[in-house]
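First comes the structure, then the notes that go with it.
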Amino acid sequence: MAGIGFVLRRVIRQGGFFSLVKVALAGTIIVAGPWLLSIVGIFFITKYSFYLIGQSVVVFMGVVIYSYAFSLFLFGGIHYIFTRLVADYMYVKKKEKAGEALLLFSTGIVILASAVSLSVLFMLDLSKITYPLLFRVSGVVFFVSINLIWLLMIFISLLKKYFMIFIIYLSGMALAFGSITFLAGHFSVSGVLLGFAAGHLFIVISLYLLAFKEYRPRSFSIREHLPYFGKFKFLLLTGILYYWGMWIDKMVFWFAKGSPIANTFFRVYDVYDIPVYIANLTIIPGLIYFMIITETSFYKRLTEFLNKFNKSIYHKLQAIKYRLIANVKNGLREQCFFQGIFTVILILFAPLLVAADSGKIFIGGIKNILVFRIALGATFFQMLFLTIVIFLFYLQRFKLAFFSTLSFFLVNFAGSLIIVLWGNENTLGLSYLAAGIIGSTLGLRFLFTSAHKLDNAIFLIASGASLDNL
Amino acid sequence: MAKRLSVCLILEGSYPYIVGGVAAWVQQLILNLPELDFVIYTISPKEHQKIRYTLPENVILHRDIVINKKHKSLRKPRSKSKLFAELKELHTLFQAPSQINLQKIIQYLPEESYLYLDSIKHPVGWNMVTHSNMQHNPAYPFADYFWAWKSAHDMIFTMLGASIPDADVYHAVSTGYAGLAGAVAKVRKSRPFMLTEHGLYHKEREMEIKRAAFVQGYQRDMWINIFNNLSRISYYYADLIITLFEYNRKKEVELGAPEEKTMIIPNGIDIEFFSQVKRTSRKGFHVGLVGRIVPIKDIKTFIYVAKIVATAIPESKFYAIGPVDEDPAYFEDCKLLVESLQLTAHIEFVGKQDVREYYSFLDVVMLTSIREAQPLVILEAFCCGVPVASTKVGNVLELLDYDERFLAAPKDAEKLAQAVKFIYNNPKKVHEFVELNKQKVRKFFDRKKVYRRYGEIYNNLKGK
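Listed in order, the protein sequences are those of chains A and B. With numbering that gives the first Met the number 0 as the guide, the letters of the first sequence map in order to residues 0 to 469. With numbering that gives the first Met the number 0 as the guide, the letters of the second sequence map in order to residues 0 to 463.
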C-alpha cells in the first residue's frame, strides 16, 4: 500500500485542517472501508432482520460469524501468496499474468470453499428452519462469496482502486437490505441469508468486472503459478499462522465456554467475542498511520538503499543502512505513540463508554470492562506485530516472519487453554495480549537483526541462496 | 599379480581438451610409461568440452571438475565456526608459507561440501570480505569488490570441496587450482604429491590480468595475490617440485618453494623420430613458425617480420605450421593483416602438418612467442639441423646459448628480421652453431630418458 500512502502524504503537506480531515477520511476508507461497511451492514441487517423475523435471526448470525472466522482461518495463508504473486506480476507489468493468477486462485478457492461449506451446512440440523435447502445453498453462496471477496480486495487494492471498492461495497450492502426486505417475508431466515448472500454476490461480480476490465487473463495455467507455493512456503505458513493466532483463542473459548446457537453446533461466547470485536475497530487510526507514515517512509529508505546498492562504497552503504534502521525504530515508536494515545484513552474511559451506551448499541454488549481493557491492549500489540511482520516481508525474511507468527499462535493457543483450565472470566484475553507482546518482541529482534544484515542478505540472494536459506 | 602403480595427473585447462604444449607432453608421458596406470583429473572452465586426444589404454579413469560451476553440496562442514577460524588464519599465514595448515580446514570440510554461500553467510566469512574491502578497496563500489572476491574464492571452494579420485601418487602439472587440488589430495588421501611446472603459473596469470582491461583497481592486486598464494600452497605441500630450467627454479624458490624439494628435468623430444629427417635444399628462402595460431604465439609479429624480410629477400617464403581452429577470430585477424601487407604470395597458413616434412627444407625456424617455458620446437629444429631465430622468452636464452645474433625481445619484428637476414647471409657460421646444438639436443633432450626419470620418481615417491 506504500503507493497510495505517498499520495496521501502529499495531501497532508498541503497543510491546513481540511487536508488533514481529507486524508483521515480517505485513509479510513482505504484501510477499513469495506471492513467498516461490513460491520455496520451486519449490525443493521441483524437489527432489521430481528424486526422482520424475530428470534430465528440468530442462526443467520451464526452462519455470518463462522463464515468470516473460518474464511480467514482456513484460507488466510493463501492470501499472502496471492498478494506476492500479483504484486510481482504488476511490478514487471505482466497484466494478463496477474489476471490469470486471479482466475486460478479464484477457481481453487471456489472449489475448496464450496467443499467446506457444503460439508458443514449439510451437517447442520435445520429441521426447525423453513426452506432448509434454500438456507444451505445461500450459506454456500455466502461463504464462497466472502472468500472470493478477500482475493478480489487484495487484487483491486494492488490496482489502487480504493474508492471504487468502497462504492461497490456500499451498493452491495444496499442490495442486501433491499433483497432481505423482499425475501424475509417469503422465506423467513432462509430469505435473510439469501438476500445477504445476493448482496455479496453482487460485490463479487462487480469486483471481477472491475478486475478483468484491465487485467484480462489469456490462458489458465496452474504449472506457472504453483511454484510460488514452494518458493514462498514460509510466507504461506506465516499467513496461515497469523490468522490462526488471531482466531484460536476465540475458538477455544467458543467450544470450551461458549453457548450454542439454537439447533446448530455453532457456539458463541459474548463475554469475549464482543469486547474483542470492538477492540479490533480501535486499531483503525494505527492502520492509517502505518499506511501514510510508517510504511511509506520505510519504503523510501529501503528504495534508497537498494538504488544505491551497486554503486556505493562500503561506508556510504552502511550509512544508508543505519538510516534505514533508525527510520524503522522511529517509525515504530511514533506509530506506537499515535495508536497508544487512542488505546490508552479507551482503556481509561472504557467504563464511561459502556455506561454512556447503556446497552443501546453494541458497546453495551460488553459485560466485563476488564476484558475489554485487556482486548484493547491485545489489539494494540497485534497491530505492532502486524507492522513488524510486514517489514520482515519487505526484507524477504519470510522464515523469520514464520517463526514470529508461530510464537504468536502458540502463545495464544497455549494461553487460552491455560485460561480454560485454570483462569476465570477476568483473565480472558490475556493469552491474546501475551501472544502480541511475545510475537512483537521476537519479531522486533528478528527485524533489527535482518536490517543489520540487509547487505549480506542481498548478496546471498544474488549468489543463489534461497529465501529459506537466509 | 602385483598391483600396478597408479598416478593421478591433475591438469588445469589443458589435456585432453587442448592440443599442443603441456597437453602433448602429458600424452607422451602416459604413452611412454605403459607399466603405470593413470587417472586424469581435469579442471575445466566449462562442461562438455571435446576431447582432442585418444586416451591411451593405461588411462583408467578420467574425472572432470568444472571450476566455474556451483556444485551441489552433498555434505555439510563439521564445525563451521572452527572451519572459518582456520580459513581466517590461513589468510594471515600466506606471507609465512611454512605455517600454512590445510590439514585443519580439510578436517572440517568433507568431500563434496562447498562453501559458496557459507563463506558469506557465516559472520567470520562476511567480516573477512568487508574488512578486506575496507583495507584494499575503500574508494570503489563495494559490490564490484564483492563479486570479484566471490568469483575468485568460489573457484577455490570448488577445489577444496571436490571429490578426488584415488591414486598412489598425485602429480599436478601446474600450480594454481591444479596445485591446490594436489595439496588437498595429499592432505585428504595421505599420499605423495609432486608438481611439475612447465611455465610459472602465477607469472602467466599476472601477465594476463595486467593485460585484461576489465580487471580494474584493487581487483588486479587481489587476483595476483590469489594466484601467488595458490602457488605458495602448492610449493608448500608438494613433496617434489620439478621445473624445466634454472631460471624458473629460482623464481619458484623466490616465492617460497623449499630449495631442497626443487629439481630440474628438461623437456625432451623423440630423437629417433626427428633424426630421420633428411635435409634437402629447396629453391628460395624458407622460414617456418611451428605453433598454434593464437595470440600468445604472436603470429602478427611473424607477419611483420615476413614483410621486412620479403622486402630484402624477395624469394623468401613463410609458413605458419599449426592448428588454426583454437582462436578463429585471431586467425581471421592474421589473414587480414597478410592481405593488407600484400604478403599473400609470401605467407601460407598450412594448418596442422607432419612437421618433419617442413624441417627437411626450412632454412629458419622462427619463434615469436610472447611467453614460453621450454619450447620443444627449438629442440626439434636443432635436432633436424635447422637454425632458429626467436624471442627471448622462457628457456630460449639458454637453448640459444645467449647468442644475440639469433635473439630479439618479444614484439621486436625489426630485430627478428635482422636475425633471419643474418642466417640468410651467413650460412657457414650458422651451420657450425646448429651442428653444436644438434649434438647437445641429441645427448641431453631425449624424451625417453625424461619419461623414464618420471617413472623412477613415481616409484620412489610411492615407496616413501
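C-beta atoms are modelled at their ideal positions from N, C-alpha and C, and glycine is treated no differently. The structure presented is a predicted model; accordingly, all values stated were derived computationally and were not measured.
- For histidine 170 of chain B, the three-state secondary structure derived from DSSP is strand.
- Under the DSSP assignment, valine 6 of chain B falls in the beta strand (DSSP E) whose first and last residues are 5-11.
- Here arginine 231 of chain B is buried, its C-beta having at least 16 other C-beta atoms within 10 Å.
- Among the bridge pairs identified by DSSP, phenylalanine 37 of chain B is matched with B:Val6 and B:Val58.
- Here the alpha carbon of tyrosine 234 of chain B sits roughly 18 angstroms from the alpha carbon of lysine 463 of chain B.
- Between the alpha carbons of tyrosine 144 of chain B and glycine 350 of chain B lies a gap of roughly 43 angstroms.
- Inter-segment contact for the segment 446-463 of chain A and the segment 383-402 of chain A is present: three or more beta-carbon pairs are separated by less than 8 angstroms.
- Cβ atoms of leucine 234 of chain A and isoleucine 80 of chain A come within 8 angstroms of each other, at about 6 angstroms.
- At a cut-off of 8 angstroms between C-beta atoms, threonine 129 of chain B counts as an interface residue with respect to chain A.
- At least one C-beta of chain A is nearer than 8 angstroms to the C-beta of methionine 133 of chain B.
- Tyrosine 329 of chain B and lysine 299 of chain B have their alpha carbons spaced roughly 9 angstroms apart.
- About 5 angstroms separates the Cβ atoms of tyrosine 268 of chain A and phenylalanine 252 of chain A, confirming a contact at the 8 angstroms cut-off.
- Among the residues facing chain B, glycine 463 of chain A is included, as its CB has a counterpart in that chain under 8 angstroms away.
- The Cβ neighbour count for valine 25 of chain B, taken over all protein chains shown within 10 Å, is at least 16; the residue is labelled buried.
- At a cut-off of 4 residues, the continuous stretches assigned as alpha helix (DSSP H) that sit fully inside the segment 269-324 of chain B are 270-274 and 298-311.
- DSSP places glutamate 196 of chain B within a strand segment (E or B) once states are collapsed to three.
- Isoleucine 155 of chain B sits in a helix when the DSSP states are folded into three classes.
- For alanine 100 of chain A, the uninterrupted alpha helix (DSSP H) run begins and ends at 94-122, by DSSP.
- Taking the C-beta atoms as reference points, threonine 302 of chain A is found no nearer than 8 angstroms to threonine 342 of chain A.
- In the DSSP secondary-structure assignment, arginine 222 of chain A is not bridged to any residue.
- In this structure, DSSP gives glutamate 110 of chain B a state outside helix and strand, which the three-state scheme calls coil.
- Taking the beta carbon of tyrosine 115 of chain B as reference, the chain A residues within 8 angstroms of it are Ser462 and Gly463, listed in sequence order.
- Only residues of its own chain outside the window of five on either side were considered, and among them Gly428, Tyr431, Leu432 and Gly435 have a CB closer than 6 angstroms to the CB of alanine 377 of chain A, listed in chain order.
- Beta bridge pairing from DSSP links phenylalanine 348 of chain B with B:Ala319.
- By a beta-carbon distance limit of 8 angstroms, isoleucine 295 of chain B contacts arginine 370 of chain B. Their separation comes to about 6 angstroms.
- Contact with chain A is found for phenylalanine 141 of chain B, since one of that chain's Cβ atoms lies less than 8 angstroms from the residue's Cβ.
- Look at the beta carbons and you see the segment 374-388 of chain B touching the segment 266-273 of chain B: at least three pairs across the two are nearer than 8 angstroms.
- Excluding five sequence positions before and after leucine 240 of chain A, the CB atoms of its chain that fall closer than 6 angstroms to its own CB belong to Thr404, Leu405 and Phe408, given in chain order.
- With respect to the 8 angstroms criterion, tyrosine 107 of chain B and arginine 77 of chain B are classified as neighbours on the basis of their beta carbons.
- Within chain A, Asn455, Phe458, Leu459 and Ser462 have C-beta atoms less than 7 angstroms from the C-beta of isoleucine 119 of chain B, given in sequence order.
- Taken through DSSP and simplified to helix, strand or coil, serine 189 of chain B comes out as coil.
- In terms of CA proximity to glycine 287 of chain B, B:Ser315 leads the group B:Pro44, B:Glu271, B:Asp165 and B:Ser315.
- The beta carbon of phenylalanine 195 of chain A is closer than 6 angstroms to those of Ala175 in its chain, skipping five residues each way along the sequence.
- Among the residues of chain B, those whose CB is under 8 angstroms from the CB of lysine 310 of chain A are Pro140 and Ala142, following chain order.
- No Cβ of chain B is located within less than 8 angstroms of the beta carbon of leucine 323 of chain A.
- Here the alpha carbon of aspartate 124 of chain A sits roughly 21 angstroms from the alpha carbon of serine 48 of chain A.
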